[in-house]
Each structure stands twice: as structure tokens, then as C-alpha cells.
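Everything below concerns the one structure shown next.
Chains as they are written, first to last, in our numbering: chain C, 1 to 140; chain V, 1001 to 1249.
The following block contains the structure:
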């Protein structure tokens, strides 16, 4: 069982040969592949992080722009509304004045006509009372 | 038991331990069955690596994903043991140790080698031969000596007398116990597992050995992990000077 012979040194040489062969066809190429892959992943990660940061900055910029334009349009709407209210108030006041004037005019005319009608009526009453008086006096 | 320890075959029914399929190379005897299976293991690793790296994609799929997972695993293992700073040059060594031992162990547990008849001995995991595990353990020893010398030059020897010269014998002894424990742990676990499975299969051929086989798969993976982890720990210790004692499994 424990018989040492030339198997021992030959096996050692064979092992060293195997190591040399595997170093060339296995360890070196695959180590290189793994290192290259991790390098690739690292550089891609850095690149992606940069792009992400850029995208986030852009998003913030857009957010700011959006807030600004929202503020602007709100201000514009407020201005337009107040303007419109002012115009409406003015128009209403004008219309009320006009209506007031027209009403006053109409009342004045009514008063005048009433006056005229009254005088005409008075004259007619005068004439009628004269006629009545004449008739009564003639009968006497 | 004596015959068990000496260089003889230990036969339990048709169970063979210590029988080898000898090849004669020049004046040297080698264990053919160990090399056959180790070539199989090496072929699996090389083919899987070639398939994984034939067309490397940024988004991995299929075999590339699997091998990347394996690479990540051994890289993490080496990083945990050696630290972020100097784990990189040691990844191939520790990674190859782990992959070779792991695939060897599992090939011994999963591939029905018994179907292939050899003139002598039988095919099994290369790690159940003491030669393989001692070879690997000695390589780990060389690796950590190399790590220590390349980092500190001759100053590496300072670690032997660093806290106090009284511990010098123990420090020297450690250099012998490390490869010894590494090799015997792996060898013993794998051999014992295969023996237990073989004996159980012999006694009750159906279903009963299955839990032990599953346990064997688990042990095999753990032993590969332990071997690679301890190799990393020893190298780290050599790089860092006298480190804390590492837990032995």
C-alpha cells in the first residue's frame, strides 16, 4: 500500500504541467474575462449614475419652469379678472346713470304733460262753467 | 495488520488494495492505473477549460458559466487564505490543486471504473494512491518555501527562531508534519471511503451503499477543499512570517 516509486515524481511533474496548461487555457483567459466584465459593469454604472443625475437635474429644472409659468398664468388670469370686473362695474354704472337720466326725463315730460292737461282742463272747465252760468243767467 | 502495512496485497473477498498495474519505464516502475485515471481527470479539466474559453462572452452561459463559477470559487478560496494583496499569483496553484483533487475524488466515486478490467490492480481515484497525495503535498511544501524565500530571501529562516529559539525543533518539525498530514489526510479519506463503499457493495449490493456513496461524494469534495485551503494557509504563513496556528481538519 505504501510503495513509493517513480509514480511520485512523475505525478508531481504531471501536476506542474497541468497547472501550466490550465494557467494558459483556464485561469488567465477567464480571470481576464471576469475582470473585464467587472470593469465594464463599473464604468457602465458610473455612466448610468451620471445620466441619472443629469436627468434628475433636468426634471428639477422643468419643475421650476412649470411652477414659474403656473405663477405667471395665475397672475395673468387674476389681472384679466380684475380688469373685467372693473369694466363691468363701469358699464353698470354708466347704464344706471343713463337709466336714471331717462327716467328723470320721462318724469319731467309726464309732469309737463300733466301740467298742460291740467291747464287745458282748467280752460275747458272755465268755458263750461261760463256756458253753464250763461244758461242759468239766461233762464233768469 | 503487518502485511497490511508492508508492500503486499490486502485481499478481502475480491477487494484489492495494494495491487498495482505496473508499467516499466526505463528502469523505473510506475503505477499505471493511477496515471490512466489521472490522464482522464486532466483530459476532463483541459476539455472543460477549452470549451469554456473557446468563445468567451460578456454574458456567460453554459460551460463558461460553470467554469467561471469554479474560478470564482478558487479565487475566493485563495483570497480568503492569502489576503487581497498577494493572492493573485497563487490562484493557479491553489486552483489547480483544488480542481485536480476534486475531479479525481469524484471520478473515483462516480465513474464505474470496475467495468474496465486491468491485468492487475484496478482503476480508482488517483488520490487513493499514496504517491499522488505525497507528490501534491511535497509540491505544497515547495510552494510555501518558494513563497517564503521569494518574499524574504534568507530572512525566511528567521521565522524558525522568531518568538524564541526554544521552539526551533517544533518549527522544523512542522515542515515535516505539514506534507505528512496533508498527504495522509487525503489518501486516508479517499481510500477509506472507497474501501467502505466496496465492502458494503460486497455485503449488500443494493441500495444500502447509497448513503455511504453520497457521504463519500461529500467527503471527497470536503477533502479537496481542505487540501486547497491548507495549501493556501501554509503559503500565507510563509508569506507573513510565523502566523497563528491553523485549524487542522
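C-beta: ideal position from N, C-alpha, C; glycine also.
*Backbone secondary structure at residue 1029/V - three-state DSSP*: strand
*Pairwise C-alpha distance: residue 1049/V and residue 1218/V*: 24 Å
_With DSSP as the reference, identify every bridge partner of residue 1022/V, one or two as the case may be._
DSSP output for residue 1022/V lists 1031/V as bridge partner(s).
*Would you identify the three-state DSSP class for residue 952/V, choosing helix, strand or coil?*
With chain V covering 1001 to 1249 only, the question about residue 952/V has no answer from this structure.
_Whole angstroms are fine: how far does the CA of residue 1202/V sit from the CA of residue 1223/V?_
25 Å
*If we cut at 8 Å on Cβ distances, does residue 1138/V have a partner in chain C?*
Yes, contact with chain C.
_Going by C-alpha to C-alpha distance, which of 1144/V, 1187/V, 1166/V, 1123/V sits closest to residue 1230/V?_
1144/V
*Reducing DSSP to helix, strand and coil, say where residue 1201/V ends up.*
helix
*Are the region 36-47 of chain C and the region 1156-1171 of chain V touching, with three or more C-beta to C-beta distances below 8 Å?*
no
*Just curious, the alpha helix (DSSP H) that residue 119/C is in, first and last residue?*
For residue 119/C, the uninterrupted alpha helix (DSSP H) run begins and ends at 28-139, by DSSP.
_Residues of the region 28-60 of chain C with Cβ closer than 9 Å to any Cβ of chain V, in chain order_ = 28, 29, 30, 31, 32, 33, 34, 36, 37, 40
*Give, in chain order, every residue of the region 2-28 of chain C whose Cβ lies closer than 8 Å to some Cβ of chain V.*
2, 3, 4, 5, 6, 7, 8, 9, 10, 11, 12, 14, 15, 16, 18, 19, 21, 22, 23, 25, 26, 27
*Out of curiosity, what's the CA-to-CA distance linking residue 126/C and residue 132/C?*
Their backbone Cα atoms lie some 10 Å apart in a straight line.
*Run through the region 1118-1147 of chain V for me and flag every whole beta strand (DSSP E) of 3 or more residues, listed as ranges in chain order.*
none
_Just to confirm the assignment, what range does the alpha helix (DSSP H) spanning residue 1096/V have?_
1091-1110
*How would you call residue 1103/V, buried or exposed, if buried means at least 16 neighbouring beta carbons within 10 angstroms?*
buried
*Cutoff 7 Å; reference residue 1068/V; Cβ partners in own chain excluding five residues on either side*: The answer, listed in chain order, is 1060.
*Would you identify the three-state DSSP class for residue 1088/V, choosing helix, strand or coil?*
helix
*Listed in chain order, which residues of the region 1121-1133 of chain V have Cβ atoms closer than 8 Å to some Cβ of chain C?*
Within the region 1121-1133 of chain V, 1126, 1129, 1130, 1131, 1132 place their CB atoms closer than 8 Å to a CB of chain C, listed in sequence order.
*Any beta-carbon of chain C closer than 8 Å to the one on residue 1164/V?*
no
*If the cut is a Cβ gap below 9 Å, which residues of chain C does residue 1177/V touch?*
Those do not exist, as residue 1177/V stays about 17 Å from chain C at its closest Cβ, beyond 9 Å.
_If you reduce the DSSP assignment to three classes, tell me which class residue 1081/V lands in._
helix
_Taking its Cβ as the centre, do 16 or more other Cβ atoms sit within 10 Å of residue 1189/V, making it buried, or is it exposed?_
buried
*Expressed to the nearest angstrom, what Euclidean distance is found between the alpha-carbon atoms of residue 1055/V and residue 29/C?*
10 Å
*What three-state label does DSSP hand residue 1066/V in the structure shown?*
Three-state result, residue 1066/V: helix.
*Please confirm whether residue 1208/V and residue 1214/V have their CB atoms less than 8 Å apart.*
no
*Kindly indicate which three-state DSSP category residue 1247/V falls into: helix, strand or coil?*
Interpretation of residue 1247/V is limited by its pLDDT of 45, a score under 50 that renders its predicted location unreliable; the figure taken from the coordinates is listed afterwards. Coil, per DSSP.
*Output the boundary residues of the alpha helix (DSSP H) element that contains residue 14/C.*
7-22
*the region 32-41 of chain C touching the region 1112-1131 of chain V, judged by at least three CB pairs closer than 8 Å*: As far as the Cβ criterion goes, the region 32-41 of chain C does not touch the region 1112-1131 of chain V, which means the pair count is below three.
_Proximity test, Cβ basis, 8 Å: residue 1185/V and chain C_ = no
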